[in-house]
Amino acid sequence: MKRIVVLLGIVIGGLGVKAQGLSDVYDFSQSTYQGTAKSAAMGNAMGAVGQDFSAISINPAGLGLFRHSTVVFTPGLYLSNSKSEYNGSTSITNDIRMPINNVGVVLTFPKNGFLKSVNFAFGMNRTNNYTRETYASGNNYKNSLIDAYMGEITDYGIHNDNDLESFSPYVMFPLWDCYLLDFSDSGDVSTIVPMGNLNQQRGVLRRGYIDEIPLSFSLNFDDKWFIGASLNIKHLERRLTASYKETNLGGGDLIAWMQEEFIRTYGWGVGAKLGVIGFPAKWLRLGLSFQTPALFNMEEDWSTRTTSRLRNTNHNNNENNTRTSTYTYKFTTPLRFDASAAFILSNRAMLSFDYELVNYRNAYLSCRDYDYSDLNGLIANTYKISSNFRAGGEYRIKNVCLRAGYALYGSPFGLGEKEYRTSNCSAGIGYTVRSFTFDVAYVFSQMKNSYYIYSPYSNYVPSGDDVVTNTVHETDNTHQLLLSFKFRID
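Shown next as structure tokens:
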């Protein structure tokens, strides 16, 4: 349960401004490589394999293994399934999208002598996909989110609506405006929402991606040593629509209330990668690569809508829509190191392995008009060095390749931790005829995590029996079908 607590939203400067939290830092830092079908089928264990456009995003030295100029295009089908368990109730949601995972061009320039070729590449690889819809619903007979808000109001010494509007214009003040909170003449806060005996619902619709645009080159020395470098322009967009609703299961003035958040995060970033691949033996390929931190300029829009339905009052139906707040900040991603090996077996089969280290503690935020030192300190103290392991295999029968792979993307909380750990199982087939190659891959991914149902909204931390009462257990499954079309152009 300790790992759940650190995923609470971090409140910055009160609740007047939407705050970035640890879960956002992880979202923006993670790379799960969504590129070509060949790479996906082999678990993205491509660091020492090369000769694939997705491999450029892992180790740019792999560009040097191309023998011909090539164009590649990869559309996909993405189906996500989420199951949430809350207080004995199970909720299931499904979502489907059709993204473009990859498009790229490789240009090969043969040379004579020890330098065999100089290669260039540009295009797009998708490195993260945010598409997911989650929903949790269950009955809570002990407390309400309003109780958590009231505790914060008391702790911060808020005694009237004017102070509340200054403290939390987007979250708590709309509750007062919708007659869910009230202040007495002596400054005590009260609510018509009962303490428990409520049906609680939380839903989140996510959309978005991180696309990487590599501008890469590589040198091929004697068909044995390959070095490469890449300048990577990154485009991030994430849109969230989050809703929280409580419905009264008993009598009283409250029928139901709901608050919705609308958040759009948009940014451009730049980083670099360096890599090398060597063939110490005909049966062995070894690779090393280093990815610098990427610096993003981020912009975020945020607004809320709050509604309440009451009975026995003069204000039975109420609604508050806040203005859209826009602000900018900078975000720096962690360092990454990748070591890889590929074993060639009798010119027909290959096994490849990648091991990647990611230092999530190095991620940080900055802004001209705000001090992020508290959040950056929390990142450094909470997140750890983690690792990703990827393995893949390929077996060739004439012009047909059979492939399979596995990947395990580690938790940002460190080696051995399970929260937010993601596992991928994959398989695929490739077919080549003359200058055309067609690849297809299927990838199944699963991630499990747990969180407090109040955590995105309040600093409330349950204790005792409330830990069980307020905890949602979530399992997210995704199914991907990828098709790559590859053409030689020389």
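So that you can map any letter, position 304 of the sequence shown is 715 in the numbering used here, and since no number is skipped, the others follow by simple counting. Just so it is clear, CB atoms sit at the ideal spot from N, CA and C, and this is done for glycine as well. This structure is a prediction, so every number in the text was calculated from the model and none was measured.
By the three-class DSSP mapping on this structure, what secondary structure does residue i have?
{"i": "E576", "result": "helix"}
{"i": "F477", "result": "coil"}
{"i": "T889", "result": "strand"}
{"i": "M561", "result": "helix"}
{"i": "G432", "result": "coil"}
{"i": "L826", "result": "coil"}
{"i": "Y771", "result": "helix"}
{"i": "L616", "result": "strand"}
{"i": "A456", "result": "coil"}
{"i": "L556", "result": "helix"}
{"i": "T652", "result": "strand"}
{"i": "I469", "result": "coil"}
{"i": "T443", "result": "coil"}
{"i": "D765", "result": "strand"}
{"i": "Y567", "result": "coil"}
{"i": "T880", "result": "helix"}
{"i": "G425", "result": "Only weak support is given to the placement of G425: the predicted model assigns it a pLDDT of 33, under 50, and the question is left unresolved by the model."}
{"i": "D438", "result": "helix"}
{"i": "M412", "result": "Unreliable placement is indicated for M412, whose pLDDT of 34 sits below 50; no coordinate value is reported for it."}
{"i": "S895", "result": "strand"}
Just reading off the alpha helix (DSSP H) that residue i is part of, what are its end residues?
{"i": "A448", "result": "A448 to A452"}
{"i": "L813", "result": "No alpha helix (DSSP H) holds L813; the beta strand (DSSP E) holding it covers V811 to Y820."}
{"i": "D588", "result": "F584 to D588"}
What is the C-beta distance between residue i and residue j, in whole angstroms, given that I count them as a contact (C-beta under 8 Å)?
{"i": "S480", "j": "R899", "result": "7 Å"}
{"i": "N770", "j": "I796", "result": "5 Å"}
{"i": "T519", "j": "D901", "result": "7 Å"}
{"i": "R814", "j": "M457", "result": "Their Cβ separation, rounded to whole angstroms, is 11 Å, which puts R814 and M457 out of contact at 8 Å."}
{"i": "L699", "j": "A750", "result": "6 Å"}
{"i": "R696", "j": "A752", "result": "7 Å"}
{"i": "S493", "j": "T545", "result": "5 Å"}
{"i": "K645", "j": "A705", "result": "6 Å"}
{"i": "I755", "j": "G461", "result": "So it is not a contact: roughly 13 Å between Cβ atoms."}
{"i": "L789", "j": "F707", "result": "Not a contact, Cβ separation roughly 19 Å."}
{"i": "L474", "j": "V436", "result": "In fact, because the Cβ distance is near 31 Å, the residues do not count as touching under 8 Å."}
{"i": "P510", "j": "L894", "result": "Between L894 and P510 the Cβ distance is about 12 Å, and since that is not below 8 Å, they are no contact."}
{"i": "T724", "j": "A774", "result": "No, T724 and A774 are not in contact; Cβ-Cβ is about 48 Å, not under 8 Å."}
{"i": "L746", "j": "Q702", "result": "7 Å"}
{"i": "N513", "j": "R478", "result": "Not confirmed; about 20 Å, so no contact."}
{"i": "A547", "j": "R613", "result": "5 Å"}
Return the first residue and the last residue of the beta strand (DSSP E) that residue i is part of.
{"i": "M535", "result": "L526 to N540"}
{"i": "A752", "result": "R747 to L756"}
{"i": "V854", "result": "F847 to Y863"}
{"i": "I906", "result": "Past the boundaries of the shown model lies residue 906; the chain is included only from 412 to 901, so the question cannot be answered."}
{"i": "I511", "result": "I511 to P521"}
{"i": "S798", "result": "I796 to I808"}
{"i": "G839", "result": "T833 to V844"}
{"i": "Y546", "result": "R543 to N551"}
{"i": "T602", "result": "V600 to T602"}
{"i": "T501", "result": "S500 to R508"}
{"i": "D593", "result": "L592 to F594"}
Please specify which runs of the beta strand (DSSP E), each continuous and at least 3 residues long, are wholly inside the stretch 679–738, giving them in chain order. 695–702, 706–721 and 728–732
Report yes or no: do three or more beta-carbon pairs, one from the stretch 703–716 and one from the stretch 729–738, lie closer than 8 Å? yes
Check whether the stretch 609–620 touches the stretch 651–670, taking contact to mean three or more Cβ pairs, one atom from each stretch, closer than 8 Å. yes
Three Cβ pairs or more, each shorter than 8 Å: is that satisfied between the stretch 624–631 and the stretch 518–533? yes
Are the stretch 431–447 and the stretch 465–473 touching by the rule of at least three beta carbon pairs closer than 8 Å? yes
Spell out a yes or no on whether the stretch 877–893 and the stretch 843–861 are touching, meaning 3 or more CB-CB pairs, one atom from each, closer than 8 Å. yes
At least 3 beta-carbon pairs within less than 8 Å: the stretch 784–801 vs the stretch 836–847: no
Does the stretch 572–585 touch the stretch 496–512, meaning 3 or more C-beta pairs lie closer than 8 Å? no
Quick check: the stretch 615–623 against the stretch 585–601, are there 3 or more CB pairs under 8 Å? no
Taking three-plus beta-carbon pairs below 8 Å as touching, is the stretch 779–786 in contact with the stretch 824–834? no
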